[in-house]
Structures are given as C-alpha cells and as structure tokens.
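Participant: From first to last, the protein sequence lines are chains G and F. When you line the first sequence up against the working numbering, it's residues -14 to 497, in that order. When you line the second sequence up against the working numbering, it's residues 1120 to 1544, in that order. Note that CB positions come from ideal geometry on N, CA and C, so glycine has one too. None of the values given here were measured: they were computed from a predicted structure. Structure incoming, see below.
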Amino acid sequence: MTERLFEGADWDFHTLQRITDACEVVALKDLGLDVYPNQIEVITAEQMLDAYSSVGMPLFYKHWSFGKQFAYHEASYRKGLMGLAYEIVINSSPCISYLMEENTATMQTLVIAHAAFGHNHFFKNNYLFKQWTDADGILDYLDFAKNYVMQCEERYGRIEVERTLDAAHALMSHGIDRYPGKKKLDLREEEKRAGRRRQHEEEVFNDLWRTVPKGASKTRSAISLERRRKLLGLPQENLLYFLEKSAPRLAPWQRELLRIVRHIAQYFYPQSQTKVMNEGTATYVHYRIMTQLHQQGRISDGNFLEFLGSHTNVVFQPEFDDPRFSGFNPYALGFAMMQDIERIVTSPEDEDREWFPDIAGKNDVMGVLRDVWANYRDESFIGQFLSPKLMRQLRMFHLHDDPEERAGIRVDAIHDERGFRRVRRELARQHDVGYIDANIEVVDVDLSGDRRLILHHHVIKGAQLNETDAKRVLQHLADLWTYDVALIEVDSNNKVLREYVVSPRPIPAAVA
Amino acid sequence: MHIIDRRLNPGGKSLENRQRFLRRAKSLVQGAVKKTSQERDIKDVLEGGEVTIPLDGMHEPRFRREGGTRDMVLPGNKKFIEGDYLQRSGQGSAKDSGPGEGDSEDAFRFVLSRDEFVDLFLDDLELPDLAKRKIAQTESEGIQRAGYTTSGSPANISVGRTVRRAMARRIALKRPSKEEIEELEAAIGACTDEDERLVLLAQLEKLKAKTKRIPFIDPLDIRYRRFETVPKPVAQAVMFCLMDVSGSMSEHMKDLAKRFYMLLYVFLKRRYKHVDIVFIRHTDRAEEVDEQTFFYGPASGGTLVSSALQAMHEIVRERFNPSDWNIYAAQASDGDNSYSDGELTSMLLTDKILPVCQFFAYLEVGESGGSAFDLSDSSLWTLYERLRNSGAPLSMRKVSERSEIFPVFHDLFQRRETVQEKAAP
C-alpha cells in the first residue's frame, strides 16, 4: 500500500517536497522527460501580481509601463474580473516555477506537474528555445539590464532614459530576428561584451580627436545605391537592430538600451510561436502525472476529482457562438491534439493510417510526442498533426470575410472530406507569427543625403496599419533616428496604398 | 530540487514602477481626481478608489493591422456547409476581433490608495502665506534630556548617577567600608592579648585615615542632568466650524458648508499629527454641539453672529492655548446678521479671534442657482469686507453650487498666492 502524498487541502514544505519527488519519478521514468533542474518558489498573491506586470520575470528594469500593467491587473483582480494564474514558470536553468500560497495541495501537485515538468521539458527540448534562448544566462542578463538601466538613469537622467525605452518598447515587436542564421544568443557573453565596450569607450575617449579635420569625403555619387543598401544590411526587418547599428546620432548608452530591449524581445519570441504546443505539452504532462499518481493510490479519489474540476476548466473550449468565446484556447487545442496523437499512435483507424503513415500504430506514445515537442512550432505542428477526427470533434469551419462581399461572410470550408486540408492549412496560418505581425522593413536610407529613412509595409490581404498607432510608433522611430522617417504601405503589386512621413520632435540632441 | 519560500520577500516590487506611472500620469490623474471628486460625496471621495483616465498619453503604441479580408477558423459549427453566407451583424458573425477592437481601450481605470488620492487632490494646495509665517513663529521651545554633565545647577544633580560613580571610585580606591571598621572595633573590644590589640589598633588607625583621605562622595563624582532646548513644532491643530443654523439656512446651504468643512479637515489632517474639531452652531445664541447635531439638529431663532464668535473665544481660552495649538476657523452663513450686532462682531473678530487664528475663512452660501445672490452684498459680507480692507487677515468666498466648493477651496489655498486680493467667487 503506497502512502498518500497528502490528505485534504493543506500542504507544508515537506508535502511539496514529497509531491515534487513523486512527480519527478513519473516524469523521468514513465514519460522519459528531460528537464532543467527545478526550483520551486512559493509566493503570495501580491507577488504574483508583481510578477505579472513584469512579463513574469523575477527581475526587470524599472519602467512606468510595468506600473501601468500592475495598476491595471490589480484593478481587475480586486473587482474580481480576473483570477490569478495558478503558476508562472520561467525558461531558465534552473527552471523557476512560482506557486501561489493560496493553492490547495491538489493544485500545487497539478502546478508542479504542469510547470516544473511539462513546461520545463518543453523549454529544454524544443528547437526554437534551443535556437533562440539562453536558459543559463537569462537571469544574469536581466540583472545586468536592470543595473544598466539604473546606471543610465543616474548618469543621463530618468527622463532621457524613459524616452529611449518608450521608443524601444514601441518597436519591440519589430526587434526580432525571425530567421536563424546568426549564432545562438549567449547572454552571459553579451553582458561581458557590453562591459568591455563601455570600458573601451572610456579608455579611448579623447576630446582632441573631435577637432581633428577630416579628410575629404568620397564623392556622394561614388557610392551606388546598391552598395549603400548592402553596407547597411538592407532590407532589414529588425528595426531595433537597424537603429542600434545605424542611427546616426544615438549615444552609446542608447544603443545599449535598444540592444537590451531587442534581446528581451528575442528571448520571448519562441514563446509566442509555441503557445499551443507549450500549453498542450504541459497540460498533457500534468494529466498523465496526476492520473498516474491517482492510480498508484498516492492521491485520494476526492483530491483527484478536485484536480479533474480544475483540469476541465483549463481545457474548456467555448464554441464560436458562445458569449465566452474568444478564439481558440491554446490549452484546449494543445491538449486535444496531444491526446489525439496518443490515440493515433496506439489505436489508429484507417483514416489515421492514411493521414499519418509515419506515426499511426507506432505504439511508442512518448517517443513520438517527445519528437513532436522538440521539432515543431504551432504553425508546423497544426499543419502536420491536426487530424480529421479532431476537426470533426471540434466541428471546425473556415470563414472568409471580405468587406467587399455584400452577401456576408462566406463559409469557405467545413469539417468534411473537401475541407479538412483547407481548414487545417488556415488554422496553421493563424498561428504563424510571421504572418500575424505586420511585415515592415527598412528598405532604404540616404546616409549622405537628407538621411531620410524609408520603410515599407507589405500589406497582406488589404490589412493596413491603424493610422493613429502607426503615427505614434513612427514618431518614436523618428525621434531615435533624428531625421525624417517615411513609411510606405505597398500591396503585393507594389502599388502604394498610403504614405506616412514623420519628422523627429525637437528634442535636445542626446549628448554622447 | 529546491523549494523556496518567497512569501516573506518584500512585496511591492512594482511599487516603484507604479510610482513612475503615477508621476507620468500625474496631470491626467489629477484632472480625473478632481472630476471624480466633484461627482462624489466628500467622505467617499477621500476614501480614494477608482479613477478613470484617458488612455491618450498613457498609450503604448504598436504597429497594428486592421481591416482587409479576414480568414478565421472557428470551433462549433452546427449547421453551415461550404458556400453558406453568414450575415455580418447577426448571430454567428464571429466578430471576435473587429476593427474597433483597439479603440475599446480608450479609457484606463485603476485604483488609487487613499493617500495617493488625497495627495493628488491636494497636491498644488498650500497653507496660505499668512499661516505659514505664523507656523514658523509659533514653534514653541521644548526641552529634552541630553545625557549628563559635570557642571550645572544643584537642582539638576542626578543622585543616582552621582552615587554610582562615587561607589565605583570607592571600590577602586579600596575605601574601607563601615562594616569593616565596625568589625575591627569589635575585634579590638574582644581582644585580650595586648600586643595583638596594639596591632589591631594600628590597623584601625590606618583604615580611619584612609577613610578620611577617600571621601564618601567627592566633587569629582557629581553629575548633573543635562537638558537641551529643541524647537518643537506645534503638531496639533484645532478647527472651528461656525455655522448659522437659523431658519434662513436651507439644507442645501448646510450641505455646501459641510463640504467645505470636510475639505478643510482633510487638508489640515495632512499637515498636523492631531486635529481637533469644534462645532459651534448659532442662532441668536451659540452652543457647541456634536457633528450630527451640527448638521442635522433642528434649531430656530434669530441670528447673532457675535454669539458664535464669543463662544469660540471662550473655548479657545479654556481649552486651546494658542501657543500649543494652531487654530483654524471656517464660518458659514447665508450672510444675515442682526444690524445691531455688527459692532460687537467686528470687535470680537479683530480683537479676540483673528489674533489667535492661523486662518479664518468666511464662506457665504447661497441657494442653488440663486441669481439675486450677487446683486447686493449681505450685511455680514459688507462688514467683513470692510474689516478685510482695513487689513484684517480674512478669507471670504461666496458659493452657491456644490461644484463650486472644490474650485473655491483650491482658490483659497493656492500655493504661493496671496488669496486676499480677490473676493469674487
């Protein structure tokens, strides 16, 4: 007779230790997961709110927008509009999971299984995270960023720093390298490099050099357009990177701030590409672990029922005409797909053999899943593994809304033989971040001429930029660039749809 | 595997971010606070609470796309087949992310704590110059203990400290104790052997000589308690609320007065550790009452303002010594006063009340929307205006609408401005 992990709802730190040990056995032995070392931290509701407002990170530089987030979350939490998340988990090594003290023992078990093993495994093994994030270095880097921002505030003034960060935040979603090619981010090295850069600047600074007459510059026309663009690395879709490298009048510390914001944006980039998979993985893992623990008799029937209640809430998917509907719930979709893969691997039907010849009937559930978790992101995962059976089960259909179409919104495909592939392709496309974000890139700049920066927005399916916001963002961009900035919206035939030109605000030029 | 209890870590990591946010949003929040406070009851207003500020300026813009043709995959199809058309406005149009989505966020609501709220509300207010000058003067000198000293007046000798030092000295120098000498004397008395007695006697002589050389208390031992005078700001204030409750005062007028009193109270409360309130209501005679009676108790009779001033004067004399208390007074009235009372009122005010007050405000309240209000000045207003013109430190305002209370209050207490210049409401 195995001993119960806990009785009732109460827990203490010994209970947490027992729970973690029990989960670990299931996770590592039965499921074959591969995780970073775990660190579990118990926090209060208020601390949870704190963590919320700095994108879940334990340490972050100070900025008013996090205060705004906090005020916003707090207001809705107080009014009871919002419950707090059960957990926050950080992609770092060791992997840190925050548990709320209010949770019952069952909930703590669920959360440990979900975060400390599910998410943890995903972070460590998914190719995007491997490629783009540096779990060992992130906490040190954030610490460095925090201190650096603080030093800048002391040296150059809070207002100046805030202005730069505001601008960087506005461009954050366009501060990402979408395609690998450069080497993986090494944040520790990055931090050291920043220190060396600063030191070097201080050492070699000599005011005399400013007064040395410069030689005759090359004739302007000598540099051809092509060459100029090549020198600047254009076209460039990473706007923050471009500014950091090429904005003519930024002070070194401003470039460093842009760099920090860019690195953080990049760090979170894989998360936005893997919401469905990441939550699906964690949910599948917690479900397996909890069921296993219950079967072993280590969780009582009552506590298991409590778990099922929470679990069902988490994976609830309202239908499109339900007032609670707000798109696909990544937990629901992810979990359903993981379970569906399990079904295909263990007891496939003819249809599944036809659609998934590689995995149908393979019987090694965990082997297949681990492979899937490691090598896909939401878009490719849905494109590859959404089965006809699941589409039927969720009764998916595809709508096409053309504002020109007077008859209304057309139902383009439904869950039938003709529609399966189209529905699947469309849903996959909706989870492609490259497709969700506006496609904006710097195409040209005349560095020896009027220095106007020219950007293009490639309009897809007629979706143009929101005018008010676009102007505001461009204002920030122009302030950093310190010369005019033009954004041209072009459609696929290179026809110009709209053009914005923004001049920088007369800000006292930043002193180097 | 580490399990760490972080609950005891200092919370409020966001506090600084929140302060930054408030600092940035200050002018917006201030506007919102004022607007909110005009709509709410004062009591509720000062509880802090939720304010709404326009998002503009607090907005963090991002490139957002909108419009165009949209494709979406949804769950829960019940009856549609390929090629069906859905009505746009009707049920099932699935407008989960319509073009208007971004604009729905055009106001931002959040909760301010009581302190934050009051801070922002009173931020640009300050005690009038007159009061500030007086505060500086009425700092009374306090004395406080400051250790011990070797010189001082006999009254300040610290016996305990002196004796303790004396004892230390006596022990250090080995002064013979009384018991030792007595013991020796007893031994001498009991001694039969002559030689031994001589030895003991010699010993006794030595001890006695030593006792004389080493006094019980030496002037070196004496310690005096030392006192230091420190300036002590008067940290308490009393606020007198004077109100005419004769029949001519309507509920509306009382309400206006109440709002003014409450504001003054909260304002004072921010600057003094302790604020007392005295309510004096008057008809043709005055009485001190509690708050409930003050605002809601029935009373009737004529009007003699001097009676209230007299009552205030007496209360000050009995309970609130002006050197210990900062005295504030606010008088509300509809301006009626018995004609014969004018001289007495003016005498009391200039000779007894104003010299001890930090601030005296007269608030003339009128009926809502009363246009005749401005036509002729009331007898009390005329009287006070005359006093003020001859230099008496009086603040006066006329108020007839609830919404005017805050501006008037603001006006009275505006920072770095002499408020006595203008009288128009």
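Against chain F, with Cβ distances strictly below 8 Å, would alanine 448 of chain G count as a contact?
Facilitator: Counted from its first residue, the first sequence places residue 448 of chain G at position 463. With 8 Å as the cut-off, alanine 448 of chain G counts as an interface residue toward chain F.
Participant: Using a 10 Å radius around the Cβ and a threshold of 16 neighbouring Cβ atoms, would you call aspartate 1215 of chain F buried or exposed?
Facilitator: As a first step, residue 1215 of chain F must be located in the second sequence, where it is residue number 96. Note on aspartate 1215 of chain F: pLDDT 42, under 50, position unreliable in the model; the coordinate value appears next. Exposed, since its Cβ has fewer than 16 Cβ neighbours within 10 Å.
Participant: Pick helix, strand or coil for isoleucine 326 of chain G, following the three-state DSSP scheme.
Facilitator: Locating residue 326 of chain G in the first sequence gives position 341, where the first residue counts as 1. In the structure shown, isoleucine 326 of chain G sits in a helix (DSSP, three-state: H, G or I).
Participant: Is it true that the CB of phenylalanine 51 of chain G sits closer than 8 Å to the CB of aspartate 1124 of chain F?
Facilitator: Numbered from 1 along the second sequence, position 5 holds the residue referred to as residue 1124 of chain F. Numbered from 1 along the first sequence, position 66 holds the residue referred to as residue 51 of chain G. Cβ atoms of aspartate 1124 of chain F and phenylalanine 51 of chain G: not closer than 8 Å.
Participant: Could you check which residue in F:Gly1420, F:Glu1304, F:Lys1392 and F:Ser1452 has the C-alpha nearest to that of cysteine 1360 of chain F?
Facilitator: As a first step, residue 1360 of chain F must be located in the second sequence, where it is residue number 241. Selected option, being the one with the closest Cα: F:Ser1452.
Participant: What in chain G is Cβ-close to lysine 1132 of chain F, meaning under 7 Å?
Facilitator: For this step, residue 1132 of chain F is matched to residue 13 along the second sequence. Those within 7 Å of lysine 1132 of chain F in chain G are Asp35.
Participant: Below 8 Å on the Cβ atoms is my guess for asparagine 424 of chain G versus histidine 443 of chain G; work out the distance and round it to an integer in Å.
Facilitator: The residue you call residue 424 of chain G lines up with position 439 of the first sequence. The residue you call residue 443 of chain G lines up with position 458 of the first sequence. Contact holds; Cβ gap of about 4 Å.
Participant: In angstroms with no decimal places, state the Cα-to-Cα distance between serine 295 of chain G and aspartate -5 of chain G.
Facilitator: Along the first sequence, one-based indexing puts residue 295 of chain G at 310. Along the first sequence, one-based indexing puts residue -5 of chain G at 10. Taking the straight line joining both Cα atoms gives about 17 Å.
Participant: Please work out which residues of its chain come closer than 6 Å, Cβ to Cβ, to serine 1498 of chain F, disregarding the five sequence neighbours upstream and downstream, and give them in chain order.
Facilitator: As a working mapping, residue 1498 of chain F is identified with position 379 in the second sequence. Asn1456, listed in sequence order.
Participant: Going by the beta-carbon positions, is the gap between aspartate 162 of chain G and asparagine 110 of chain G smaller than 8 Å?
Facilitator: By one-based count along the first sequence, residue 162 of chain G stands at place 177. By one-based count along the first sequence, residue 110 of chain G stands at place 125. No, these two residues do not count as a Cβ contact at 8 Å.
Participant: Is there at least one Cβ from chain F nearer than 8 Å to asparagine 88 of chain G's Cβ?
Facilitator: The residue labelled residue 88 of chain G in the question sits at position 103 within the first sequence. By this cut-off, asparagine 88 of chain G is not an interface position.
Participant: If we call anything under 8 Å between Cβ atoms a contact, is tyrosine 226 of chain G one with arginine 247 of chain G?
Facilitator: Counting from 1 along the first sequence, the entry for residue 226 of chain G is found at position 241. Counting from 1 along the first sequence, the entry for residue 247 of chain G is found at position 262. In this structure, arginine 247 of chain G lies closer than 8 Å to tyrosine 226 of chain G by Cβ.
Participant: With DSSP collapsed to three states, give me the class of histidine 48 of chain G.
Facilitator: Here residue 48 of chain G refers to the residue found at position 63 when the first sequence is read from its first residue. Correct three-state label for histidine 48 of chain G: coil.
Participant: Between histidine 159 of chain G and chain F, is there a C-beta pair that is closer than 8 Å?
Facilitator: Along the first sequence, one-based indexing puts residue 159 of chain G at 174. Yes, histidine 159 of chain G lies at the interface with chain F (some Cβ there is under 8 Å from its Cβ).
Participant: Provide the residue span of the beta strand (DSSP E) that contains methionine 85 of chain G, from first to last.
Facilitator: Here residue 85 of chain G is taken as the residue at index 100 of the first sequence, counted from 1. It spans 80 to 85 - the beta strand (DSSP E) in which methionine 85 of chain G sits, taken as one unbroken run.
Participant: The stretch 6 to 27 of chain G: which residues have C-beta closer than 9 Å to a C-beta of chain F, in chain order?
Facilitator: Asp6, Glu9, Pro22, Asn23, Gln24, Ile25, Glu26 and Val27
Participant: Report yes if the C-beta distance between isoleucine 1307 of chain F and leucine 1320 of chain F is below 8 Å; otherwise report no.
Facilitator: One-based indexing of the second sequence puts residue 1307 of chain F at position 188. One-based indexing of the second sequence puts residue 1320 of chain F at position 201. Result yes, Cβ atoms of isoleucine 1307 of chain F and leucine 1320 of chain F sit closer than 8 Å.
Participant: Can you tell me which of F:Ala1328, F:Asp1312 and F:Gln1322 puts its alpha carbon nearest to the alpha carbon of leucine 1303 of chain F?
Facilitator: Translated into positions along the second sequence, residue 1303 of chain F becomes position 184. Checked all of F:Ala1328, F:Asp1312 and F:Gln1322; the closest Cα to leucine 1303 of chain F is F:Gln1322.
Participant: When burial is assigned at 16 or more other CB atoms within 10 Å of the CB, is valine 27 of chain G buried or exposed?
Facilitator: Taking the first sequence and counting its residues from 1, the one referred to as residue 27 of chain G is at position 42. Valine 27 of chain G comes out buried.
Participant: Give me the Cα-Cα distance between alanine 130 of chain G and glutamate 139 of chain G, rounded to the nearest whole angstrom.
Facilitator: Counting from 1 along the first sequence, the entry for residue 130 of chain G is found at position 145. Counting from 1 along the first sequence, the entry for residue 139 of chain G is found at position 154. Approximately 14 Å, taken between the alpha carbons.
Participant: Compare the C-beta of isoleucine 1172 of chain F against all C-beta atoms of chain G and say whether one is closer than 8 Å.
Facilitator: Translated into the one-based positions of the second sequence, residue 1172 of chain F becomes position 53. Closer than 8 Å: no.
Participant: Across the stretch 384 to 399 of chain G and the stretch 1180 to 1198 of chain F, are there enough close Cβ pairs to call them in contact, namely three or more that are closer than 8 Å?
Facilitator: These segments touch.
Participant: Just verifying my parser: in three-state terms, what is the DSSP assignment at isoleucine 439 of chain G?
Facilitator: Taking the first residue of the first sequence as 1, we reach residue 439 of chain G at position 454. Three-state DSSP puts isoleucine 439 of chain G in a strand.
Participant: Residues of the stretch 1438 to 1451 of chain F in Cβ contact with chain G at a cutoff of 9 Å, in chain order, please.
Facilitator: none
Participant: Below 6 Å CB to CB, which residues in the same chain sit around alanine 1418 of chain F once its five sequence neighbours on both sides are set aside?
Facilitator: Numbered from its first residue, the second sequence carries residue 1418 of chain F at position 299. Closer than 6 Å at the Cβ level, and outside the excluded window around alanine 1418 of chain F, lie Val1364 and Thr1402.
Participant: With DSSP run on the structure shown, which of helix, strand or coil describes arginine 1264 of chain F?
Facilitator: Reading the second sequence from its first residue, position 145 is the one you call residue 1264 of chain F. In the structure shown, arginine 1264 of chain F sits in a strand (DSSP, three-state: E or B).
Participant: Roughly how many angstroms lie between the CA atoms of serine 1522 of chain F and leucine 1382 of chain F, to the nearest whole one?
Facilitator: On the second sequence, position 403 is the one that residue 1522 of chain F refers to. On the second sequence, position 263 is the one that residue 1382 of chain F refers to. Distance between the alpha carbons of serine 1522 of chain F and leucine 1382 of chain F is about 13 Å.
Participant: So what does DSSP say about cysteine 1310 of chain F, is it helix, strand or coil?
Facilitator: Mapped onto the second sequence, residue 1310 of chain F falls at position 191. Residue state, collapsed to three classes: coil.
Participant: Can you find at least 3 beta carbon pairs, one from the stretch 371 to 378 of chain G and one from the stretch 332 to 345 of chain G, that sit closer than 8 Å?
Facilitator: yes
Participant: With a threshold of 7 Å (Cβ to nearest heavy atom), would arginine 234 of chain G be considered close to the ligand ZN?
Facilitator: With respect to the ligand ZN, the structure offers nothing, as it holds no ligand at all.
Participant: When the Cα atoms are used, what is the spatial distance from threonine 1257 of chain F to phenylalanine 1478 of chain F?
Facilitator: Reading the second sequence from its first residue, position 138 is the one you call residue 1257 of chain F. Reading the second sequence from its first residue, position 359 is the one you call residue 1478 of chain F. Residue confidence is low: threonine 1257 of chain F scores 49 on pLDDT, short of 50, so the model does not pin down where it sits. Its coordinate-derived value is still stated next. In a straight line, the C-alpha of threonine 1257 of chain F is about 14 Å away from that of phenylalanine 1478 of chain F.
Participant: Closer than 6 Å by C-beta to isoleucine 1341 of chain F: which residues in its own chain qualify, once you throw out the five before and the five after it? Chain order, please.
Facilitator: Counted from its first residue, the second sequence places residue 1341 of chain F at position 222. These residues qualify, in order along the chain: Thr1281.
Participant: Determine the DSSP secondary structure at aspartate 1248 of chain F, reduced to helix, strand or coil.
Facilitator: Numbered from its first residue, the second sequence carries residue 1248 of chain F at position 129. Low local confidence applies: a pLDDT of 46 at aspartate 1248 of chain F is under 50, so the model's placement there is unreliable, with the coordinate-based value given in what follows. Correct three-state label for aspartate 1248 of chain F: helix.
Participant: In the DSSP assignment, the alpha helix (DSSP H) including asparagine 1508 of chain F goes from what residue to what residue?
Facilitator: On the second sequence, position 389 is the one that residue 1508 of chain F refers to. Membership of asparagine 1508 of chain F in the alpha helix (DSSP H) is indicated by the continuous run 1498 to 1508.
Participant: With distances taken Cα to Cα, identify the nearest neighbour of glutamine 32 of chain G among G:Leu216, G:Phe382, G:Leu44 and G:Glu188.
Facilitator: Position 47 of the first sequence holds residue 32 of chain G. The candidate whose alpha carbon is nearest that of glutamine 32 of chain G is G:Leu44.
Participant: Report the residue from F:Ser1367, F:Phe1525 and F:Leu1134 whose alpha carbon sits nearest the alpha carbon of glutamate 1235 of chain F.
Facilitator: Position 116 of the second sequence holds residue 1235 of chain F. Of F:Ser1367, F:Phe1525 and F:Leu1134, the residue nearest in Cα terms is F:Leu1134.
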